[in-house]
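Enquirer: Could you have a look at this structure, given as structure tokens, before my questions?
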Amino acid sequence: MQLNLDFNGRHVFVFGGTTGINFGIAQAFARQGAAVTVASRKQENVDNACTQLAGIGGGKVHGVCADVRDFDAVGRAFAGAVERFGPIDVLISGAAGNFLCEAKDMSSNGFRTVVDIDLVGTFHVLRQAHAHLRKPGAAVINITAPQSFIPMRYQAHACAAKAGVDQLTRVLALEWGSEGIRINSISPGPIEGTEGFRKLMAPTPEDHATALGHVPLQRFGSLDDIANLALFLGSPYAGYISGALVPCDGGGALESVKPALEAAGHAGLRP
Ligand code: COA
Ligand code: NAP
Numbered sequence: 040m041q042l043n044l045d046f047n048g049r050h051v052f053v054f055g056g057t058t059g060i061n062f063g064i065a066q067a068f069a070r071q072g073a074a075v076t077v078a079s080r081k082q083e084n085v086d087n088a089c090t091q092l093a094g095i096g097g098g099k100v101h102g103v104c105a106d107v108r109d110f111d112a113v114g115r116a117f118a119g120a121v122e123r124f125g126p127i128d129v130l131i132s133g134a135a136g137n138f139l140c141e142a143k144d145m146s147s148n149g150f151r152t153v154v155d156i157d158l159v160g161t162f163h164v165l166r167q168a169h170a171h172l173r174k175p176g177a178a179v180i181n182i183t184a185p186q187s188f189i190p191m192r193y194q195a196h197a198c199a200a201k202a203g204v205d206q207l208t209r210v211l212a213l214e215w216g217s218e219g220i221r222i223n224s225i226s227p228g229p230i231e232g233t234e235g236f237r238k239l240m241a242p243t244p245e246d247h248a249t250a251l252g253h254v255p256l257q258r259f260g261s262l263d264d265i266a267n268l269a270l271f272l273g274s275p276y277a278g279y280i281s282g283a284l285v286p287c288d289g290g291g292a293l294e295s296v297k298p299a300l301e302a303a304g305h306a307g308l309r310p
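Quick note on the numbering used here: the sequence shown kicks off at 40 and runs consecutively.
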């Protein structure tokens with residue numbers, strides 16, 4: 040079920056937008072009539088995403104290969120897209136990488152790689168996009184994660200990086216507000232059928248059940264759940280929302296506090 044909003048004549052750029060959650064967002068904007076640019080590292084992913092997007096909405100689609108760690112390549116990606124579809128009305132920055140590893144076993148390069156993709160990469164995307172954003176009126180959405188405010192074992196790199204992403208959201212809301220640019224973070228909960236879900240949250244059926252137990256609404260999220268929030272935040276209906284971190288997680292961020300307290304034998308939890 041998808042929100043119905045008119046994005047005809049709008050240019051929506053989704054960095055990291057060729058698979059998973061971000062591709063779901065790209066599809067949703069295409070369905071609402073937007074011209075959509077998607078960018079990521081792998082040509083195969085870019086080609087596949089463009090083929091699927093071409094069959095949706097107005098069919099105005101552009102795809103580009105770029106690694107968010109390469110500042111100049113990110114700049115070229117924006118220049119090419121803007122030449123084709125004009126200034127960017129909605130920018131989604133969602134490229135990310137992650138793996139599970141205890142901090143004591145993590146190599147320096149392993150830590151740096153995730154910080155480079157998630158945090159430095161987000162800065163590259165926002166920094167290079169700024170000149171090309173519609174002013175006033177553009178909406179920027181960073182895809183963050185509950186790791187940004189909930190410490191999680193085996194994810195020192197991603198926790199540090201996503202916390203930084205949320206601070207970028209807040210700082211740039213301060214700096215760019217006077218230009219009429221809004222910027223917010225979406226923090227997805229466990230979204231079924233995605234790489235992040237498979238890799239980090241529920242690799243086995245047992246993990247599946249445990250993960251579900253942490254969601255008050257008792258279901259995993261869908262691509263549409265996140266896409267609907269992105270459509271809203273990208274639309275004029277969210278015209279007074281900036282600098283916000285918006286969880287879309289069935290209440291999971293709240294529930295995750297409970298097992299931590301239980302594990303610690305918190306007095307307030309004893310019968
Ligand atoms: N455990 C421990 N260390 C790991 C690891 C793991 N599972 N996976 C990678 N690393 C380390 C590597 O050993 C390397 O460090 P080293 O040089 O000290 O050996 C470092 O991380 C970089 O790995 P590399 O494979 O060269 O990085 P990459 O740039 O090709 O890929 C990743 C980046 C590792 C984040 C990769 O998982 C990726 O591309 N992920 C994108 C998709 C994804 O994770 N989606 C989930 C949603 S965020
Ligand atoms: P995904 O499918 O792996 O999405 C990551 C995207 O980023 C891919 O399109 C990937 O394409 C691209 N990417 C990765 N590294 C890149 C780089 N260096 N430069 C450019 N693009 C790069 O995973 P997902 O699970 O849908 O996650 C999407 C976003 O949601 C991430 O920001 C993640 O942190 C967040 N999130 C996910 C969940 C979840 O339940 N899945 C929960 C919370 C937050 P290429 O491989 O082609 O580069």
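Heads up, the beta-carbon is just placed ideally off N, CA and C, and yes, glycines get one too.
Quick check: what's the CA-CA separation for Arg41 versus Thr183?
Expert: Note that residue 41 is Gln in the sequence shown, not Arg. Whole-angstrom Cα-Cα distance: 22 Å.
Enquirer: What residues come near the ligand COA, if near means a beta carbon less than 5 Å from any of its heavy atoms?
Expert: Those residues, listed in chain order, are Ala135, Gly136, Asn137, Phe138, Cys140, Ser146, Asn148, Gly149, Thr152, Glu234, Gly235.
Enquirer: Is Thr58 near the ligand NAP - that is, is its Cβ less than 8 Å away from at least one heavy atom of it?
Expert: Indeed, a heavy atom of the ligand NAP lies less than 8 Å from the Cβ.
Enquirer: Taking three-plus beta-carbon pairs below 8 Å as touching, is the segment 191–211 in contact with the segment 251–265?
Expert: No contact exists between the segment 191–211 and the segment 251–265.
Enquirer: Is Met40 near the ligand NAP - that is, is its Cβ less than 8 Å away from at least one heavy atom of it?
Expert: No, the ligand NAP has no heavy atom inside 8 Å of this Cβ.
Enquirer: Could I get the ranges of all uninterrupted beta strand (DSSP E) runs contained in the segment 86–129, with 3 residues as the minimum, in chain order?
Expert: Entirely contained in the segment 86–129, the beta strand (DSSP E) runs reaching 3 residues are, in chain order, 100–104.
Enquirer: For Thr76, does the count of other Cβ atoms within 10 angstroms reach 16, so buried, or fall short, so exposed?
Expert: Buried.
Enquirer: Which residues in the same chain have their Cβ closer than 6 Å to the Cβ of Thr57, if we skip the five residues on either side of it in sequence?
Expert: Around Thr57: Val77, Ser79, Asn84, Val85, Ala88.
Enquirer: Among the residues of its own chain, which have a CB less than 6 Å from the CB of Arg209, if the five just before and after it don't count?
Expert: Result list for Arg209: Gly282, in chain order.
Enquirer: So for Cys198, helix, strand or coil by DSSP?
Expert: Three-state DSSP puts Cys198 in a helix.
Enquirer: Considering only C-alpha positions, which residue in the set Val153, Asn47, Gly59, Gln82 is nearest to Gly72?
Expert: Ranking the options by Cα distance to Gly72, first place goes to Asn47.
Enquirer: Using only alpha-carbon positions, find the residue among Ala74, Ala112, Asn137 that is nearest to Leu353.
Expert: This structure cannot settle anything about residue 353, because the visible part of the chain is limited to 40 through 310.
Enquirer: Any idea what DSSP makes of Ser226, helix, strand or coil?
Expert: Ser226 falls in the strand class under three-state DSSP.
Enquirer: Specify, as a first and last residue, the run of the beta strand (DSSP E) that Phe68 falls within.
Expert: Counting along the chain, Phe68 falls outside any beta strand (DSSP E), though it belongs to the alpha helix (DSSP H) covering 59–70.
Enquirer: Does the beta carbon of Val254 fall short of 8 Å from some heavy atom of the ligand NAP?
Expert: Flag unset: Cβ of Val254 not near the ligand NAP.
Enquirer: Whole angstroms are fine: how far does the CA of Asp128 sit from the CA of Gln167?
Expert: For Gln167 and Asp128, the distance between alpha carbons rounds to 15 Å.
Enquirer: Determine the burial state of Gly252: buried for a count of at least 16 other Cβ atoms within 10 Å of its Cβ, exposed for fewer.
Expert: It is exposed - the Cβ of Gly252 has fewer than 16 other Cβ atoms within 10 Å.
Enquirer: Using C-beta distances below 7 Å, list every residue in its chain close to Ile95, excluding the 5 sequence neighbours before and after it, in chain order.
Expert: For Ile95, where only same-chain residues beyond five positions count, the Cβ hits under 7 Å are Gln66, Ala69, Arg70.
Enquirer: Kindly indicate the opening and closing residues of the alpha helix (DSSP H) around Phe150.
Expert: From DSSP, the alpha helix (DSSP H) with Phe150 extends over 147–154.
Enquirer: Do Ser132 and Val103 have their C-beta atoms within less than 9 Å of each other?
Expert: Cβ distance not < 9 Å, so Ser132 and Val103 don't count as in contact.
Enquirer: Asn43 by DSSP, collapsed to three states: which one?
Expert: Reduced to three states, the DSSP call for Asn43 is coil.
Enquirer: Asn267 lies in the alpha helix (DSSP H); which residues open and close that run?
Expert: Looking at the DSSP string, the run of the alpha helix (DSSP H) that includes Asn267 is 262–273.
Enquirer: Taking the alpha helix (DSSP H) that Thr5 belongs to, which residues open and close that run?
Expert: In the structure as shown, the chain begins at 40 and stops at 310. Residue 5 is therefore absent and cannot be evaluated.
Enquirer: Around the Cβ of Asn148, are there at least 16 other Cβ atoms within 10 angstroms (buried) or fewer (exposed)?
Expert: With fewer than 16 other Cβ atoms within 10 Å, it is exposed.
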